[in-house]
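In my numbering, each number is its position in the sequence shown, counted from 1, plus 198.
Cβ atoms here follow ideal geometry from the backbone N, Cα and C, with glycine treated the same way.
Reviewing the structure listed below.
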Amino acid sequence: MTKNMMLAENRFLLGTFSSNCSSGMSVTKVEERWQNTWENNLSLGRLLDDAGIDFMLPIARWIGYGGDTDFHGGVLETMTWAAGLLASTKQISVFATIHTAANHPVVVAKQIATIDQIGNGRAGLNIVAGWNKPEYEALGLTLPDDHETRYAYAQEWFDVVRKLWASKEYFDSDGKYFQLKGVHGDPLPLRGDVPIINAAGSPQGREFATDNANFLFTPAIDLARSTEEIAELKTQASAKNRKVDVLTFSHVICRPTEEEALAYLEHTAKTNADWEAVDNLVRLQFAHAHSFPHELLALIRDRMAMGHGGFPLIGTPDQVAEGILSLHRAGFAGTTLSFVDYVREFPYFRDTVLPKLDAAGIR
Ligand SMILES: Cc1cc2nc3c(=O)[nH]c(=O)nc-3n(C[C@H](O)[C@H](O)[C@H](O)COP(=O)(O)O)c2cc1C
199 MTKNMMLAEN RFLLGTFSSN CSSGMSVTKV EERWQNTWEN NLSLGRLLDD AGIDFMLPIA
259 RWIGYGGDTD FHGGVLETMT WAAGLLASTK QISVFATIHT AANHPVVVAK QIATIDQIGN
319 GRAGLNIVAG WNKPEYEALG LTLPDDHETR YAYAQEWFDV VRKLWASKEY FDSDGKYFQL
379 KGVHGDPLPL RGDVPIINAA GSPQGREFAT DNANFLFTPA IDLARSTEEI AELKTQASAK
439 NRKVDVLTFS HVICRPTEEE ALAYLEHTAK TNADWEAVDN LVRLQFAHAH SFPHELLALI
499 RDRMAMGHGG FPLIGTPDQV AEGILSLHRA GFAGTTLSFV DYVREFPYFR DTVLPKLDAA
559 GIR
């Protein structure tokens, strides 16, 4: 079995986020915005794998956000995307992102066990309990208004998955949402389970995450605030005898000079931002989820355009490395990275920033 990079200790984890989605994380109209073809994803997966990057995380999305680009209107389905990448890489962990309401737990348990075999122990699961109401309507589903119901459903869903992974015995399950007769899990994931990610913001979601996940994702808006938030989450988890690490997501524009990086930020995320899509994204996030602190709306609108609300890593290799070190100091266990064009821009990051992180001893 290959080691799962997400299980590495004492290493600041680096991954990519959203390369399966049209425009990646940049809500921009520029010509070179990310084309989420399989070919591009495969090139990226191999580049990341060879560079020792730890994981790839996709977004599960069923309808776009409108605007001129219909941001995230084109999305590669994440389970099949992960299967293809795991078959084509050697070391990197690859996650599938799954909406509990749209995917039956017996099917998902088997899919994850299958891709874990394909990747020889490198699969992961990002659980989404749901927030995007129009998307639920598009699928003919009803998003419960209250978070209690959303997470009660997600808990029962994950209990079924975990039970299927716990043994090959046949069992019945008579829950509120799932009544199952004589089911069993075979195959099981190679280690019995896989790393679990959850990105809840609400109190109910954070209970769910600290009960079930290995990694909780949260935006890094203000690092002093993040340090407190991380400490609270870790305390909440350890009170349940669990360990949860906190990850965040960042957007990279790395150039030889700061002027070049800032000019490209202005070009992609101001002058050519798809503002209609940005406003739809912000409106939906604030209507249905608690992931982003509501009082920080103005700052968040700009950051949404840049990198879907990610932490800005904009500047020279030294500045980008320092930004990553500041996330490490704040207590994050890792971050995802996104680029306007992942395949074109990652090699410069690899060659100039990764050695600085190695030298700083965080990788
Ligand atoms: C790193 C990260 C990944 C996410 N992935 C997805 C996703 O793929 N699909 C989705 O619908 N929502 C995704 N979300 C949104 C969260 O799942 C959403 O904010 C959460 O369900 C809201 O829960 P809350 O109301 O408890 O804050 C992601 C959020 C973050 C920060």
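1) For ligand 1, is there a heavy atom less than 7 Å away from the beta-carbon of valine 304?
2) Might you give, ordered along the chain, the residues of its own chain that have their beta carbon closer than 6 Å to the beta carbon of phenylalanine 293, omitting 5 neighbours on each side?
3) Quick test of your reading: arginine 320 and asparagine 202, contact by CB under 8 Å. State the CB separation rounded to the nearest angstrom.
4) On the CB-based measure, 16 or more other CB atoms within 10 Å of its CB, does tyrosine 349 come out buried or exposed?
5) Could you check if arginine 259 belongs to the surroundings of ligand 1, using beta carbon to heavy atom distance under 7 Å?
6) If I measure Cβ to Cβ from leucine 240 and keep anything under 8 Å in the same chain, skipping five residues before and after, which residues do I get?
7) Taking Cβ to Cβ, would you say threonine 295 is nearer than 8 Å to alanine 258?
8) What residues match up with isoleucine 498 in a beta bridge as DSSP calls it?
9) Strictly by DSSP, which residues pair up with valine 572?
10) Kindly provide the ranges of any alpha helix (DSSP H) runs that are 4 or more residues long and lie completely inside the segment 503–556, ordered along the chain.
11) Does DSSP put phenylalanine 269 in a helix, in a strand, or in coil?
12) Considering only their Cβ atoms, is the gap separating threonine 416 from alanine 435 smaller than 8 Å?
13) Cβ of proline 393 versus every heavy atom of ligand 1: is any distance shorter than 7 Å?
14) Bridge partners for phenylalanine 376 per DSSP, in chain order?
15) Tell me the DSSP secondary structure of threonine 226 in three-state form.
16) Mind checking glutamate 333: buried by the 16 CB within 10 Å criterion, or exposed?
17) Sorry if obvious, but does the Cβ on alanine 424 come closer than 7 Å to a heavy atom of ligand 1?
18) If you draw a straight line from the C-alpha of valine 442 to the C-alpha of tryptophan 329, how long is it?
19) Contact between the segment 269–283 and the segment 308–316: three or more CB pairs below 8 Å?
20) Could I get the ranges of all uninterrupted beta strand (DSSP E) runs contained in the segment 281–363, with 3 residues as the minimum, in chain order?
21) Determine which residues share a DSSP beta bridge with isoleucine 451 and list them.
In brief:
1) Counting from 1 along the sequence shown, the entry for residue 304 is found at position 106. No, ligand 1 has no heavy atom inside 7 Å of this Cβ.
2) On the sequence shown, position 95 is the one that residue 293 refers to. So the list reads Leu255, Gly322 and Asn324, once near-sequence residues are dropped.
3) Taking the sequence shown and counting its residues from 1, the one referred to as residue 320 is at position 122. Taking the sequence shown and counting its residues from 1, the one referred to as residue 202 is at position 4. 5 Å between Cβ atoms; contact.
4) As a working mapping, residue 349 is identified with position 151 in the sequence shown. When all chains shown are included, tyrosine 349 counts as buried.
5) Working through the sequence shown from its first residue, we reach residue 259 at position 61. Yes.
6) Start at 1 with the first residue of the sequence shown, and residue 240 comes out as number 42. Cβ within range, chain order: Gly282, Leu283 and Ser286.
7) Within the sequence shown, the letter at position 97 stands for residue 295. Within the sequence shown, the letter at position 60 stands for residue 258. Against a cut-off of 8 Å, the Cβ pair of alanine 258 and threonine 295 comes out as a contact.
8) Mapped onto the sequence shown, residue 498 falls at position 300. In DSSP, isoleucine 498 forms no bridge with anything.
9) Residue numbering for the chain in the displayed model covers 199 to 561; residue 572 lies beyond these limits and cannot be assessed.
10) 515–528 and 540–550
11) Numbered from 1 along the sequence shown, position 71 holds the residue referred to as residue 269. The answer is coil: DSSP assigns phenylalanine 269 none of H, G, I, E or B.
12) Looking up residue 435 in the sequence shown gives position 237. Looking up residue 416 in the sequence shown gives position 218. No, Cβ-Cβ distance for alanine 435 and threonine 416 is not below 8 Å.
13) What you label residue 393 is simply residue 195 of the sequence shown in a count that begins at 1. Proline 393: no, Cβ never under 7 Å from ligand 1.
14) Locating residue 376 in the sequence shown gives position 178, where the first residue counts as 1. Note: phenylalanine 376 sits in no beta bridge, so no partner.
15) Counting from one through the sequence shown, the residue named residue 226 turns up at place 28. The answer is strand: DSSP assigns threonine 226 an E or B state.
16) Residue 333 sits at position 135 when you count from the first residue of the sequence shown. By the neighbour-count rule (16 or more Cβ atoms within 10 Å), glutamate 333 is buried.
17) Locating residue 424 in the sequence shown gives position 226, where the first residue counts as 1. The question names alanine, yet the displayed sequence has serine at residue 424. For ligand 1, not one heavy atom lies less than 7 Å from the Cβ of serine 424.
18) Numbered from 1 along the sequence shown, position 244 holds the residue referred to as residue 442. Numbered from 1 along the sequence shown, position 131 holds the residue referred to as residue 329. Distance between the alpha carbons of valine 442 and tryptophan 329 is about 22 Å.
19) yes
20) 291–297 and 321–326
21) For this step, residue 451 is matched to residue 253 along the sequence shown. DSSP lists Ile512 as partners of isoleucine 451.
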